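For the record, the sequence lines run as chains A and B. Counting from 1, position 252 in the first sequence corresponds to residue 259 in my numbering; the numbering is continuous, with no gaps. Counting from 1, position 320 in the second sequence corresponds to residue 1098 in my numbering; the numbering is continuous, with no gaps. Here the structure comes first, spelled out in structure tokens, and everything after it is commentary.
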Amino acid sequence: MKTVPRLVALTAVSALVVTLAACSSNQSAETGEKLVVYSGRSESLVKSLFDQFTAQTGIQVEARFGDSAELAAQIAEEGSATPAQVFFSQDAGALGALNKSDLLAPLPDSVSSLVPANYRTPNWVGTSARVRTLVYDPAKFPKPPKTVFDLTAPKYSGQVALAPKNASFQSFVTAMRLTEGDTKTREWLKGLVANQAQVFDNNLKIVQAVDAGTAGIGLVNHYYWFIHAKEKGGASNIKVAQEFMEPGDPGTLVNLAGAGLTRANGANATAIRFVEFLLSPPSQQYFAERTFEYPVVSGIAGPEGAPALSSLKSPPVKLDDLSDLPATQEMLRQVGLI
Amino acid sequence: MRRKPPAPLLLIGAVVAVVVCLPLIYLLIRAFGSGWSPVIDTLARPRTWQAFGLTALLAATVAATTVVIGVPIAWLLTRARLRARRTWTVLVVLPLAVPSFVAAFAWLSFVPGFSGFGAAWLVLAASTLPYVILPTAAALRGLDPAHEEVARTLGIPPVRAFLRATLPQVAAAVGGGALLVALYVLSDFGAVSILRVDTLSRVVYDSYRASFDRTSAATLALLLAVLAMLVVAAEQRARGRSQRWRLATSAPRQPPPVETGRGPALASHLLLVLVVGIGLAVPVIATWGQMRTGTSARLDVGELSSAVLTTAWYGLIGMVAAVVLAIPVGLLAARYPIPSVRLIERLSFVGHALPGVVVGLGVVFIGIRLFPGLYQTVAILGFAYAVLFVPKAIAAIRGSLATVPPVLEDVARTCGLSAWAAFRSVTVRLVAPGVGAGAVMVLLTVMKELPATLMLRPTGEHTLATRLWTLTEISAYAAAAPYALALVVVGAIPAVILAVPLARGQTSGDSIGPTARAELEESSP
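What follows is the structure in structure tokens.
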């Protein structure tokens, strides 16, 4: 009859587990001020920045890290009960989506005016910028193209690498549609498919593939090259090189990471202070040095070795228009890229 | 003989089914919340049905492969004279410890350009093979060899005797394993995304990630749920009313190991080497290699060990939650296969086929409304794990109960025991090892879970999988590699626990059977 005590023990343990589970997590209440941030930007990249905020202000940051789009979906499902006060997003799209669902609160002018008008909207601000670039294998292509429209040329057949499901690629195609028109964009995309472009899941895999020689040229965001170089111990250890497109080319689109306050929970001084902190000179410098991004606040130098942001001319499109992706996705679907 | 289930048990089972189906209710709300037209739009896209077809095809081919490869391996491990049999038993089960996204990523770094349907098939089949091997080998061990022996004395050649006399008796175990494999393939996102195969779960993720379209994602997830129901129904139908019990009149015995010729022996070893190589050696070696390539490899031992502890803790919570919920459903499914029970069983399996992000968001939606105080605590996280993995526990409970003839309880009752006393002193003892194995399987799976953990974990807590994700997200692969290896090593512990009874040649029948009989004798007045 040994089984019965065992069964009782199991039941007792499970009850204990549930009770403990319920208690242990409720005891974390601290006396000090705290701020709940949902961060789509990676813990490894921004955790120490959050720690600096706490050191400066005494406000504890309770950060929940995840994928930007999934966190946006989570905030939307949580609705008015969301614990999140600030949403710190990896890309403009997730912020735009929340804003469209009326889930973001307006930012005070004192904060948004820190950022140039082209890098903000009423309900969220850009906190750092990234630029679309080409990465290429100099052994294969000593003279890389200066416009993305050259990529359909026969000499790049089978060599071009894309991440068409990536939000930054789709923003770039959206910008092309807005500035060059749907017909030209569709022809270009069809040309890429006909040219046997290789499809990748994300930007970094493109940089890796070009470095490994399995692709010759790739469309990415500028900082992926820096990240890859750093991972491999410096630019001298890698084959892959980076090229910025000519000013105004859709291939030089500037995109943003940014932050907004949740309508349910974020319209308060603590949350506003956090967004302000992200735009302070030390934080802006942090982005340039640690994540190889461009600061959005003027007067702060960009990442070392990259051309100045002001020298790169983004195609003339509005940020709000960029978050409108369905038409672009439909086009990508029609040409068979996604 | 078909009995009617006791009403309270049926009621509890129904409650469990509803509880684990809560995410399904969320999906219905989300999909149809703004009318029929978005649903119809999503269903009208050719891409939806391409993904549906591809998903069904991948699930079917992977499940078929695991059966075709897994059954012979189970036979080799239990019936053949095999050198280093114990070592092989442990080795073929160990791929369970390798998360499919780790395996896929490792394969991709090992073979540049490794992608597409074939790649996904290979990686998924290799990592799910143990789901078929384990129950099949256990069933083969517990089997009465008499049927096959009789067939042989009738002059039927060995292979045919196995196919006709033995295989039907272990078919339920094989089918149960194949079911878990198919559901796993339906839900998998990690491997298919890395290997670029557009299955439904990948399209669901794209709806969230690229279009921020929760309505379309919910519609697609419902489609996945329908597919899952079809798979479960097919397995239920195949299982049919099969009730194969060994009414032991003598001590259970093992047939003598089959001697194979040199050719077959060589082929067997080749098969084993291949399976272990694809599922275990390549992923581990390639991950090890990753660690040495980059400069990001700095390891914080404190972070690593706290992630190990959190992983184990969450694993235990998920295990207890899933097993507790699975007991009534497993009991009903094994003993009272009436239509309402079949429905309860089917509904309970759905969560296992849904991608983690869908279940995660469903639990977010429901958790924050019903239990705001428990939101983002381990209590709600444990619930999410139960929804995701309760089928593994149900399958184990149902499978082990199916080997215990209810008539044993009847005998115990004629000896004067109450119904409850008969149940616990006979049945509970006999099924304990099988249920334990199911629990360990849940533990192992919870430890690898990522999307729901990311959403629902208490703020600031990290498991090995979340750490791994954080590091790969910023492409610090060298720094991520130790976490991937730690995940494999930690997962290896439950995997070995699962393999050891087989390696030792024990089964529930061997170890418990005689004791249970002794127990009966003791209890008789």
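Each residue gets a CB set at the ideal place from its N, CA and C atoms; glycine is no exception. Computed from a predicted model, the values in this text were never measured in an experiment.
Interface residue (Cβ-Cβ distance to chain B less than 7 Å): Leu52 (chain A) is classified as such. Contact note: Lys172 (chain A) reaches chain B through Asp984, Arg987 and Ala988, using a C-beta cutoff of 8 Å and chain order. In this structure, B:Leu802 is the residue among B:Gly891, B:Thr1241 and B:Leu802 with its C-alpha nearest to the C-alpha of Arg1124 (chain B). Look at Phe883 (chain B): its C-beta is not under 7 Å from any C-beta on chain A. Annotation: the region 1147-1177 of chain B contains no complete segment of the beta strand (DSSP E) (minimum length 3 residues). For Gln203 (chain A), the secondary structure class from DSSP, reduced to helix, strand or coil, is coil. Your pair Ala276 (chain A) and Val93 (chain A) does not check out as a contact, with CB atoms roughly 12 Å apart and the cut at 8 Å. Straight through space, the alpha carbons of Thr1231 (chain B) and Pro1183 (chain B) are spaced by roughly 40 Å.
Note: Tyr45 (chain A) is bridge-paired with A:Arg71 and A:Phe94 in the DSSP secondary-structure output. By the Cβ neighbour-count rule, Leu1148 (chain B) is exposed, with fewer than 16 other Cβ atoms within 10 Å of its own. Among the residues of chain B, those whose CB is under 8 Å from the CB of Gln177 (chain A) are Ala988, following chain order. Comparing alpha-carbon positions, the option among B:Ser1046, B:Val1268 and B:Ala1174 lying closest to Leu854 (chain B) turns out to be B:Ser1046. Around the beta carbon of Ser318 (chain A), fewer than 16 other beta carbons lie within 10 angstroms, which makes this residue exposed.
By the neighbour-count definition (other C-beta atoms within 10 Å, threshold 16), Gln166 (chain A) is a buried residue. Of the candidates A:Asn262, A:Thr159, A:Gly273 and A:Ala182, A:Gly273 places its Cα closest to the Cα of Ala91 (chain A).
Not a single CB atom of chain B sits nearer than 7 Å to the CB of Thr61 (chain A).
For Arg297 (chain A), the closest alpha carbon among the candidates A:Glu40, A:Lys54, A:Trp195 and A:Ser46 is that of A:Lys54.
Assignment of beta-bridge partners to Glu250 (chain A) by DSSP yields A:Leu141. Excluding residues up to 5 positions away in sequence, Ala1197 and Ala1200 lie with their Cβ nearer than 8 Å to the Cβ of Arg1191 (chain B) in the same chain. Leaving aside the five residues that flank Ala1270 (chain B) on each side, the residues in its chain whose CB is nearer than 7 Å to its CB run, in chain order, Leu872 and Ala875. Taking a cut-off of 8 Å on C-beta distances, the region 1240-1249 of chain B does not touch the region 1108-1128 of chain B, as fewer than three cross pairs fall below it. The Cβ neighbour count for Asp74 (chain A), taken over all protein chains shown within 10 Å, is at least 16; the residue is labelled buried. Membership of Val901 (chain B) in any beta strand (DSSP E) is not indicated; the residue belongs instead to the alpha helix (DSSP H) covering Phe895 to Gly920.
Residue pairing from DSSP leaves Ala829 (chain B) without any beta-bridge partner.
When secondary structure is reduced to three states using DSSP, Pro1034 (chain B) falls in the coil class, being assigned neither helix nor strand.
At a cut-off of 7 Å between C-beta atoms, Gly73 (chain A) counts as an interface residue with respect to chain B.
Contact between Tyr1163 (chain B) and Glu1227 (chain B) holds, with the beta-carbon distance rounding to 7 Å and staying under 8 Å. Annotation: Tyr962 (chain B) to Ala1281 (chain B) spans about 26 Å, alpha carbon to alpha carbon.
Counting only runs of 4 or more residues that sit fully inside the region 1175-1260 of chain B, the alpha helix (DSSP H) segments are 1184-1192, 1197-1200, 1207-1226, 1229-1234 and 1242-1251, in chain order. With fewer than 16 other beta carbons inside 10 angstroms of its own, Glu1081 (chain B) counts as exposed. Residue pairing by DSSP places Thr269 (chain A) opposite A:Leu111 in a beta bridge. Listed by position along chain B, the residues whose Cβ is nearer than 7 Å to that of Ala219 (chain A) are Pro890. Judged by their CB atoms, Ile1172 (chain B) and Ala1215 (chain B) are not nearer to each other than the 7 Å cut-off. Residues of the same chain with a CB within less than 7 Å of the CB of Leu902 (chain B), apart from the 5 flanking positions on each side, are Val840, Ser878, Val963, Asp966 and Ala969 in chain order. When the alpha-carbon of Val1079 (chain B) is set against those of B:Ala834, B:Pro1260 and B:Arg987, the nearest one is in B:Pro1260.
Sixteen is the threshold: since fewer than 16 other Cβ atoms of the shown chains lie within 10 Å of the Cβ of Val928 (chain B), the residue is exposed.
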